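In terms of this note's numbering, the sequence shown opens at residue 7 and continues consecutively.
Okay, structure first, notes after.
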Amino acid sequence: IFSIWQANAGDLIEYINTGKALAIISGIFVSVAVAFIVGSSVMYITRIIFSFKYKRTFKFFGALWGGFALTAMTYFIVFKGLKNSPIVATDFLNLVESNML
Numbered sequence: 007i008f009s010i011w012q013a014n015a016g017d018l019i020e021y022i023n024t025g026k027a028l029a030i031i032s033g034i035f036v037s038v039a040v041a042f043i044v045g046s047s048v049m050y051i052t053r054i055i056f057s058f059k060y061k062r063t064f065k066f067f068g069a070l071w072g073g074f075a076l077t078a079m080t081y082f083i084v085f086k087g088l089k090n091s092p093i094v095a096t097d098f099l100n101l102v103e104s105n106m107l
């Protein structure tokens, strides 16, 4: 700490891994951009499907769309969240992975 305190601002670059920091920052920006584009496209397609004569189309596609959405959310919340959880035993994770369709 004392060597950094007395060093010039130019010497500070030696202590900061700028390549790794830029990789992390660019990864955050790319993930935000991808999430925005995918979310916007899903919303656009959903609005096209359900906006014209929505009572008629919602009767046919509403249950399918709702079932698909709930299944996808449950899959990502439960199964993807369980993999990184420290409170779940590995035997249970192996059981879940072996019995998934």
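C-beta atoms are modelled at their ideal positions from N, C-alpha and C, and glycine is treated no differently.
Because the structure is a prediction, the values reported are computed rather than measured.
Using three-state DSSP, classify Y50 as helix, strand or coil.
On the sequence shown, residue 50 is found 44 positions in, with the first residue counted as 1. Reduced to three states, the DSSP call for Y50 is helix.
Own chain partners of V44 with C-beta closer than 6 Å, once the 5 adjacent residues on each side are dropped:
In the sequence shown, counting from the first residue as 1, residue 44 sits at position 38. No residues qualify anywhere along the chain.
Contact defined as beta carbons within less than 8 Å: I believe L88 pairs with L76. What is the distance between those atoms, to the nearest angstrom?
For the purposes of this step, residue 88 is taken as residue 82 along the sequence shown, with counting starting at 1. For the purposes of this step, residue 76 is taken as residue 70 along the sequence shown, with counting starting at 1. Actually they are not in contact, since the Cβ atoms of L88 and L76 sit about 18 Å apart, beyond 8 Å.
So what's N100 in DSSP terms, helix, strand or just coil?
By one-based count along the sequence shown, residue 100 stands at place 94. Three-state DSSP puts N100 in a helix.
Could you tell me whether the Cβ atoms of T63 and I55 are closer together than 8 Å?
Numbered from 1 along the sequence shown, position 57 holds the residue referred to as residue 63. Numbered from 1 along the sequence shown, position 49 holds the residue referred to as residue 55. Against a cut-off of 8 Å, the Cβ pair of I55 and T63 comes out as a contact.
One question on the structure: do F82 and V102 come within less than 8 Å of each other, judged by their Cβ atoms?
Counting from one through the sequence shown, the residue named residue 82 turns up at place 76. Counting from one through the sequence shown, the residue named residue 102 turns up at place 96. The answer is no: Cβ separation not under 8 Å.
Could you check what DSSP says for Y21 in three-state terms: helix, strand or coil?
Position 15 of the sequence shown holds residue 21. In this structure, Y21 counts as coil in the three-state DSSP scheme.
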